[in-house]
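Working notes, beginning with the structure itself.
4 protein chains.
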Amino acid sequence: MVVIMKAKSSEEDIEHVAEKIRKMGLKPHISRGIERTVIGAIGDESLLNIEQLEAIRAVDKVIPVMKPYKLVSREFRPENTIIQIGNVSVGGDKVAVIAGPCSVESREQLMATAREVKKAGATLLRGGAFKPRTSPYSFQGLGEEGLKLLAEARDATGLPIVTEVMEPGQVALVARYADVLQIGARNMQNYPLLKAVGKIHKPVLLKRGLSATLQELLMSAEYIMSEGNHHVILCERGIRTFCEFSRNTLDLNIVPAAKKETHLPIFCDPSHGTGKYDLVCPMAKAAVACGADGLIIEVHNNPEEASSDGDQSLTPKNFAKLMHDLEPVAKAVGRRL
Amino acid sequence: MVVIMKAKSSEEDIEHVAEKIRKMGLKPHISRGIERTVIGAIGDESLLNIEQLEAIRAVDKVIPVMKPYKLVSREFRPENTIIQIGNVSVGGDKVAVIAGPCSVESREQLMATAREVKKAGATLLRGGAFKPRTSPYSFQGLGEEGLKLLAEARDATGLPIVTEVMEPGQVALVARYADVLQIGARNMQNYPLLKAVGKIHKPVLLKRGLSATLQELLMSAEYIMSEGNHHVILCERGIRTFCEFSRNTLDLNIVPAAKKETHLPIFCDPSHGTGKYDLVCPMAKAAVACGADGLIIEVHNNPEEASSDGDQSLTPKNFAKLMHDLEPVAKAVGRRL
Amino acid sequence: MVVIMKAKSSEEDIEHVAEKIRKMGLKPHISRGIERTVIGAIGDESLLNIEQLEAIRAVDKVIPVMKPYKLVSREFRPENTIIQIGNVSVGGDKVAVIAGPCSVESREQLMATAREVKKAGATLLRGGAFKPRTSPYSFQGLGEEGLKLLAEARDATGLPIVTEVMEPGQVALVARYADVLQIGARNMQNYPLLKAVGKIHKPVLLKRGLSATLQELLMSAEYIMSEGNHHVILCERGIRTFCEFSRNTLDLNIVPAAKKETHLPIFCDPSHGTGKYDLVCPMAKAAVACGADGLIIEVHNNPEEASSDGDQSLTPKNFAKLMHDLEPVAKAVGRRL
Amino acid sequence: MVVIMKAKSSEEDIEHVAEKIRKMGLKPHISRGIERTVIGAIGDESLLNIEQLEAIRAVDKVIPVMKPYKLVSREFRPENTIIQIGNVSVGGDKVAVIAGPCSVESREQLMATAREVKKAGATLLRGGAFKPRTSPYSFQGLGEEGLKLLAEARDATGLPIVTEVMEPGQVALVARYADVLQIGARNMQNYPLLKAVGKIHKPVLLKRGLSATLQELLMSAEYIMSEGNHHVILCERGIRTFCEFSRNTLDLNIVPAAKKETHLPIFCDPSHGTGKYDLVCPMAKAAVACGADGLIIEVHNNPEEASSDGDQSLTPKNFAKLMHDLEPVAKAVGRRL
């Protein structure tokens, strides 16, 4: 860690910071520049309380040298984490494709969509039973009934199922049915929920918050892993910007950036990342081209009747075409579908 | 609601939308322009499923005419909501000032700070017992022990207490001690938590999320109110932008904008909204000048020893000066402290 | 255009708006809803002054139905614009690659880099002679001397040259040497400059501003085209967001979105879009995968000695590898390098 | 300056950086931590080429310790700069108020508005003669004719005039008429224009770009000052964010932040900063409360007939009320109107 003192700090100020560093168990290393003094702290940075150093009024800024995360980092585990979900491997050569409706609405809707996405080559089935909706007056999902339908669809198609969990008290119930538990973007920093899914033994798909940094995303993964569950899949789903032509801005820069920092797999969700069905296919290809380990695609057998997100849902026919078009892109970057 | 069709939509497309609107129970009203057709829907807009209309491929966009919120709106309740907390009235002439440490750390720290802020004129005491921290390795708060200390500080000073609740399962516990329950920025769209605090009878301080729109903030308040708890205080605490000179960007535009839309009181938190102790005072004055009903100010008896947020905490001396300087500003806009 | 009146507008207010629309030469079409009145304007929307309608205090909002741009739009020209630059075609099957150093620094540097990028398969050469630098104390470019060196490099390699022009008074000079004139991101809304390059007969590469919307980018292209120069290439180069892991956020959503709206070619600049040399290759592939018509890549024969942007510059060796890896991606989406 | 090396850098890497620092004329100071090595550079930081150090692949990041600006900084000039414009002093006790229409449209419009704002207490008159408009088809201003009308209005009212200049070739002409030259937000980084206004002897009002940082704003002021013109007034006019309830987000945090960094006066423009006439008054008060040295307010004698920005323009009556309401706020913070 490096402390940059304000210009014109006194010897007393400098010694005060040095003493504080010593008390925290590290060794201060003082560089007196012409205009500013810089103090390095040599030792185990995890012992430092950075906020306390920042609070010293003579300190201009504190620059951490160590990463605040451990278990998620490439240093901790240099090789890629590969997660096994039924007979699907995530994080290896194969690009996984999670497909299905935004919400589970009925047996007919789910079964029809599930069969279609299976036929087109999807590797996992998604569908929301508990839905985080902006309005209390919108459809909130079928709840456990939805989970049961998902399990039925898994039995019928063999596709493992991915579904969202919204609160700590729901984790046990959702884990009883789901193969992968999804933490939605709005809950990326719902720490009690992260701790709760950290205690189970099923993979977690952790979506990036609308205005989360990479470091915050990794810290949220660290929360899960620090409770014992190391099966975390990261997911970029679009950030909020001023852009008017898409619902969100799919930030693909994060894919190669995450690959440098962490061993965890990272997926992309071009459905939420664009909000427009006709941008989904090009952005799905882009995601695979820059190294995404998987995709999540909203597919509805009849988007106009979808109870949510119809505007960004592909029809089964569009989805089949996407799968067909994705294959050569995956191959071009040394992967396969 | 107004549906704008894509250019070159066919008569069939137009009729399809019209029929859909009829099925939802409204009357379509078609305006054929030179290049585009626009279809209005006359009737009770709450019957419409906007997402289903957007999902129609021939539709360019759908523009809601009605607000999606009801209970929070000025139309529903034209006069300002005034909330009584002990002997403090919030939302009226008097500007409320909530002050105290970021975290409750010890009896000594809390009592010392509580007495100082009381003396300087604060109207409520804040302090975190359950702390949402970015890192699982940071201090997570004293938990119930912290709540007990807060209750003790209330007994000693007479100041009602405000503290954060992080999950539905904690609501009953926190409500046993607190006078006002705070929902933090990261939980603004934690819907199970919003529903849970909607079922109790204590005021809720709802902080705006880091990238939440005004409409989303109001919809979150609507969640709480729709469960029966009408005592909601909104709070602006800074949004995330590219700005490098402050931790967040305190968005004061939202204060007068919210006043137009809703009858609920709105507070500002210049401590989180700037992240720098020396920007807190000017921004506190600005907040009062543009109409904020209250402030939340982090105060610590020894910021350098604070376990969190020391860099943005005022000393008791700074806080006393702030209260002194605020008074004429409040008066200048027809309010008082 | 659709005018949404405020709730409780009077008959007088409605008639006032209707009269205003009539005076502008269109026909008002009034839909009285239960809570709001909506007024459509039938006729040639370009006659309307939207700002004047918005300024009417009884108007809640005005929603334009027509696009504000003409010459750039797909409606105006349904087929893709193909621009010929020497023997290079831009906007067709072939993905163009502009490569070269951020700044022209010396004959040796430019020639060495130019030969390398030519050998690796670049189709155009870039290099800055007039440099927009944040600091007045930074290297501002070699000026005309740099343009001469670029012309020399073109003679030596056969690559057409792309270079930035910063002010109207420089256009004639730069056009004497350059094959393509670049308008930098900071000048996207420098209207006198746009008009000036609109009067010449050389292609213009128009970079998107740091916080420009798609509509604003297209309006800036419209400025150039409305002066007579229809050879405009759009370029996404990253927007400014809160993201900390890359210098900018490369917004690839804009590529397929622009393809829907306009017939103009669109390029991507992953060097500025990421700011990190090791993110350039994955993002270049992503750009091609989602439909970009070309790329701009900063290459320097010795990044550590570059007078600007070394951190995001590829070495010639990295660039050769990029060209090699891009080829199958281009093929996978039906293009070629 | 502090260089943080990547983890596992070799001795050779470290020596390479140290040698580079020596060659630039400074002394390296190496701190070997447990996981990382940090190298300080002792000496005159202005000799360093930071980009070249960043380009070294073994370097993780480079943290400048010195500010990149000189003439604008508080260190260079500790006392506030006070700028004399006719008999108006800017930057002292008195809060200046620039008022007038967005565009000069006609003699009648300008004279009527000028007389009203003078009567209400404005200290300077604004009006655009050269207008930067998003669309090439919008009204572009009256040009020199507008400048003549402004001069006439000055003669009639005694108010000094502020008007925008859009390109270097216009500076001499505009300076012939105007008392203060305005650089618009879109031109904040139009460096040839900054240099051109740096060479004249009239005050410059420099508006912050839509997504400019404080440092970038100060660097643009430095461009002007480095050419010899030290009479620069900074102006916050709203940044672009995701917020939907105002046209821009007026970032008042920058006012006290700028006051720490620079001796230059800073104004606020709540008209552009909100885009809504009914948010202008509260935000004008907030700006004064947090320390703004002046305001710019759009006033039009008939907003519904304004050729631009009518929606954010005050009527003369609203403006008179604003001036009346501002007075006690200014007094509350030790200023006067």
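Protein chains in written order, with the working numbering: chain A, 49 to 385; chain B, 49 to 385; chain C, 49 to 385; chain D, 49 to 385.
All residues carry an ideal CB built from backbone N, CA and C; glycine is no exception.
Keep in mind the model is a prediction, meaning the values are calculated, not measured.
Proximity test, Cβ basis, 8 Å: Ala269(A) and chain F: The chain inventory of the structure shown lacks chain F, comprising the protein chains A, B, C and D.
Three-state secondary structure (DSSP) of Arg202(C): Helix at Arg202(C).
Per-residue contacts from Ala223(D) into chain C (C-beta, under 7 Å): Those do not exist, as Ala223(D) stays about 17 Å from chain C at its closest Cβ, beyond 7 Å.
Minimum Cβ-Cβ distance from Ile104(A) to chain B less than 8 Å: Chain B contact via Cβ: present.
Closer than 8 Å to chain B by CB, Asp359(A): Judged by the 8 Å Cβ criterion, Asp359(A) is in contact with chain B.
Every unbroken alpha helix (DSSP H) inside the segment 124-180 of chain B [4 residues or more]: Counting only runs of 4+ residues, the alpha helix (DSSP H) found wholly inside the segment 124-180 of chain B occupies 155-168, in chain order.
Interface partners of Met114(A) on chain D, CB under 8 Å: Correct list: Glu83 and Arg84.
Neighbouring residues, chain B, relative to Arg285(C) (Cβ below 9 Å): In chain order: nothing, as chain B lies at least about 16 Å away.
Paired residues, beta bridge with Ile6(B) - DSSP: Only positions 49 to 385 of chain B appear in this structure, which leaves residue 6(B) out of reach.
Interface partners of Thr261(A) on chain C, CB under 8 Å: Within 8 Å Cβ-Cβ: Phe290, Cys291, Glu292 and Phe293.
Beta-carbon neighbours of Gly217(C), restricted to chain D and to distances below 7 Å: Residues of chain D passing the Cβ test: Pro216 and Gly217.
Below-8 Å beta-carbon distance, Leu258(B) vs any chain A residue: Yes, because at least one Cβ of chain A sits closer than 8 Å to the Cβ of Leu258(B).
Close beta carbons around Ala204(B), own chain, < 8 Å, minus the five adjacent residues each side: Once the five neighbours on either side are set aside, the close Cβ partners of Ala204(B) are Met159, Ala162 and Arg163.
Nearest residue (CA-CA) to Val347(D), options Ile287(D), Ala106(D), Tyr117(D) and Lys166(D): Restricting attention to Ile287(D), Ala106(D), Tyr117(D) and Lys166(D), the CA atom closest to the CA of Val347(D) is found in Lys166(D).
Strand pairing of Met53(C), partner residues [DSSP]: Listed as beta-bridge partners of Met53(C) by DSSP are Val107(C).
Reduced DSSP secondary structure (H/G/I, E/B, other) of Glu79(B): A small correction: the amino acid at residue 79(B) is Ser; Glu does not occupy that position in the sequence shown. Three-state DSSP puts Ser79(B) in a strand.
Whole-angstrom distance between Leu282(C) and Ala170(C), CA atom to CA atom: The alpha-carbon atoms of Ala170(C) and Leu282(C) are separated by roughly 19 Å.
Members of the segment 227-239 of chain A that neighbour chain B once the beta carbon cut-off is set at 8 Å: So the close ones are Arg234, Asn235, Gln237, Asn238 and Tyr239.
Beta-carbon gap between Ser148(D) and Gly175(D) smaller than 8 Å: For clarity, residue 148(D) is Gly in the given sequence; the question names Ser instead. In terms of Cβ geometry, Gly148(D) and Gly175(D) form a close pair [threshold 8 Å].
Per-residue burial, Asn135(C) [other beta carbons within 10 Å of its own, 16 or more giving buried]: Residue environment: Asn135(C) is assigned as exposed (fewer than 16 neighbouring CB atoms within 10 Å of its CB, all protein chains considered).
Anticipated Cβ contact below 8 Å, Leu198(D) with Arg155(D), distance rounded: About 11 Å separates the Cβ atoms of Leu198(D) and Arg155(D), ruling out a contact at the 8 Å cut-off.
Beta-ladder partner(s) of Thr322(A), from DSSP: Residue pairing of Thr322(A) in beta bridges, as defined by DSSP: absent, with no partner found.
Given 8 Å, three or more beta-carbon pairs between the segment 244-264 of chain A and the segment 217-225 of chain A: Counting C-beta pairs closer than 8 Å gives three or more between the segment 244-264 of chain A and the segment 217-225 of chain A, which meets the contact rule.
Anticipated Cβ contact below 8 Å, Glu212(C) with Tyr117(C), distance rounded: So it is not a contact: roughly 24 Å between Cβ atoms.
Anticipated Cβ contact below 8 Å, Ala334(D) with Leu374(D), distance rounded: About 11 Å separates the beta carbons of Ala334(D) and Leu374(D), which is beyond the 8 Å limit, so they are not a contact pair.
Contact between the segment 353-362 of chain A and the segment 67-76 of chain B (3+ Cβ pairs under 8 Å): By the Cβ test, the segment 353-362 of chain A is not in contact with the segment 67-76 of chain B, since fewer than three Cβ pairs between them sit closer than 8 Å.
Collapsed DSSP secondary structure at Arg383(C) in the structure displayed: Residue state for Arg383(C) is assigned as coil, using DSSP reduced to three classes.
DSSP three-state assignment for Gly276(A), whether helix, strand or coil: In the structure shown, Gly276(A) sits in coil (DSSP, three-state: anything other than H, G, I, E or B).
Separation of Gln100(B) from Glu59(B), as counted between CA atoms: In a straight line, the C-alpha of Glu59(B) is about 19 Å away from that of Gln100(B).
Where the beta strand (DSSP E) containing Ile302(B) begins and where it ends: Boundaries for Ile302(B): no beta strand (DSSP E) harbours it, while the alpha helix (DSSP H) harbouring it runs Ile302 to Glu309, taken from the DSSP string.
Phe187(A) - DSSP class collapsed to helix/strand/coil: Under the three-state reduction of DSSP, Phe187(A) is assigned to coil, being neither helix nor strand.
Residues bridged to Glu284(B) [DSSP beta-bridge criterion]: Residue pairing for Glu284(B): DSSP places it in a beta bridge opposite Cys316(B).
Under the three-state DSSP convention, the category Ile98(C) falls into: Collapsing the DSSP output to three states places Ile98(C) in a helix.
Whole-Å CB distance - Asp299(A) paired with Thr297(C), under 8 Å assumed: Yes, they are in contact, since the Cβ atoms of Asp299(A) and Thr297(C) sit about 5 Å apart, within 8 Å.
Spatially closest choice to Gln237(B) from Pro180(A), Glu193(A) and Ile314(A), by CA coordinates: Checking every option, the nearest Cα to that of Gln237(B) belongs to Pro180(A).
Terminal residues of the alpha helix (DSSP H) in which Glu59(B) lies: Residues Glu59 to Lys71.
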